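Here is the structure we will look at.
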Ligand code: SF4
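In my numbering, the protein residues as written are 1 to 371.
Here it is as structure tokens:
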């Protein structure tokens with residue numbers, strides 16, 4: 001037992017945060033198991049950004065079970081459902097995509113919600129974090145559930161494991177949606193998104209990928225993912241993806257992908273070059289893919305032709321970073337700025353033990369990675 005006031009050494013802190021990273025890995029594994037055993041393994045799915053005329057509901061956050069219950073309760077009622085933000089990967093799960101009224105995705109990442117929800121003729125359901133102070137113009141249309149809450153907003157409670165979404169459904173019918181179909185675009189003007197490239201799908205083509213790497217058809221894999229935010233420095237990630245050579249594959253996950261997920265960056269060996277693994281917690285899926293590839297190549301994950309280029313914003317992203325570090329993954333590029341808690345001592349440890357690199361420019365970093 002440590003006496004009050006006695007401090008930990010750097011080595012002791014390091015041990016504790018590595019343990020923390022491993023606990024987070026177990027949490028992500030449990031969530032992955034819950035999602036895939038309930039909804040099936042995601043399959044590649046094209047998602048439209050067209051919103052059809054008539055009543056609709058937008059669902060944001062991460063909770064697939066809330067989405068499932070909402071889909072059940074809206075079936076046959078003439079209401080369409082659109083995902084938003086981190087809910088986009090829901091389209092890839094067989095037990096969710098089977099609902100015809102799960103139509104597409106509306107909007108981009110969480111930081112644009114005040115603009116995207118302004119005067120939206122539809123209610124919005126928040127299932128997990130990332131709520132921004134709502135504007136008066138749409139506060140009436142917001143419903144929160146689970147751990148999400150905000151003063152003055154309506155909350156759908158959980159009663160004995162059941163949620164009654166009737167107030168949300170009534171609101172959708174009252175607002176009525178748009179009179180005509182509306183085509184929206186992503187940040188770069190694209191009108192369609194692809195998702196569903198989680199571990200099962202990627203490992204399903206593992207032999208093809210391994211052959212392509214061996215024959216030189218695939219030179220490198222990048223995992224470009226993490227959080228999005230309002231800072232202009234985050235354009236780095238769009239420009240980085242745009243600069244990836246045609247013989248490279250870009251894996252992505254989290255909110256940061258909205259910077260580039262509407263870009264068509266081509267195909268490689270019949271697969272899209274940009275593969276959306278899922279939500280930020282699906283970093284577990286990316287870890288499984290990396291470990292499986294390392295086994296196939298009989299090497300360490302750090303010896304794979306793989307570079308992680310991550311953007312961080314909030315605590316959950318830091319948990320995931322600690323998990324990656326606890327697995328011994330090195331040479332991660334991190335940006336757009338280093339987290340405020342990275343003191344000079346912490347930075348030394350991150351650089352010395354894990355060779356973490358703050359991002360610089362897409363050109364310089366690409367050159368350093370590919371030579
Ligand atoms: S942790 Fe990052 S990627 Fe995950 S929901 Fe929050 S902002 Fe998005």
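Where a beta carbon is used, it is the ideal one built from N, C-alpha and C, also for glycine.
Since we're looking at a predicted model, the values are computed, not measured.
Inter-residue Cα distance where the pair is residue i and residue j
i           : j           : result
residue 94  : residue 194 : 15 Å
residue 106 : residue 55  : 14 Å
residue 213 : residue 367 : 19 Å
residue 236 : residue 228 : 11 Å
residue 139 : residue 151 : 10 Å
residue 326 : residue 16  : 10 Å
residue 262 : residue 191 : 7 Å
residue 278 : residue 113 : 20 Å
residue 12  : residue 328 : 17 Å
residue 43  : residue 198 : 8 Å
residue 168 : residue 342 : 42 Å
residue 317 : residue 283 : 10 Å
residue 116 : residue 136 : 14 Å
residue 142 : residue 232 : 28 Å
residue 225 : residue 252 : 5 Å
residue 124 : residue 157 : 16 Å
6 Å CB neighbourhood of residue i in its chain, flanking five on each side removed
i           : result
residue 373 : There is simply no residue 373 to check, as the chain begins at 1 and stops at 371 in what is shown.
residue 60  : 84, 85, 87 and 126
residue 313 : 227 and 229
residue 89  : 195, 278 and 279
residue 130 : 110
Element boundaries [beta strand (DSSP E), containing residue i]
i           : result
residue 275 : 274-278
residue 194 : 192-195
residue 155 : 154-156
residue 348 : Taken as a continuous stretch (DSSP letters only), residue 348 belongs to no beta strand (DSSP E), being part of the alpha helix (DSSP H) at 344-354.
residue 62  : No beta strand (DSSP E) holds residue 62; DSSP gives it neither H nor E.
Chain-order list of residues whose beta-carbon lies under 8 Å from that of residue i (same chain, five-residue window excluded)
i           : result
residue 297 : 210, 213, 303 and 304
residue 19  : 326
residue 176 : 54, 55 and 121
Pair within 9 Å by beta-carbon distance, residue i and residue j
i           : j           : result
residue 77  : residue 153 : no
residue 217 : residue 234 : no
residue 319 : residue 86  : no
residue 64  : residue 24  : no
residue 246 : residue 270 : no
residue 92  : residue 48  : no
residue 205 : residue 120 : no
residue 362 : residue 184 : no
residue 291 : residue 274 : no
residue 307 : residue 10  : no
Distance cut-off 8 Å: residue i Cβ against heavy atoms of ligand 1
i           : result
residue 280 : yes
residue 11  : no
residue 109 : yes
residue 235 : no
residue 27  : no
residue 380 : Absent from the structure is residue 380, since the part of the chain shown begins at 1 and ends at 371.
residue 226 : yes
residue 317 : yes
residue 155 : no
residue 62  : yes
residue 126 : no
residue 21  : no
residue 255 : yes
residue 116 : no
Enclosing alpha helix (DSSP H) for residue i [first to last residue]
i           : result
residue 210 : 206-215
residue 24  : 10-39
residue 171 : 166-175
residue 301 : Counting along the chain, residue 301 falls outside any alpha helix (DSSP H), and DSSP gives it neither H nor E.
residue 138 : 136-139
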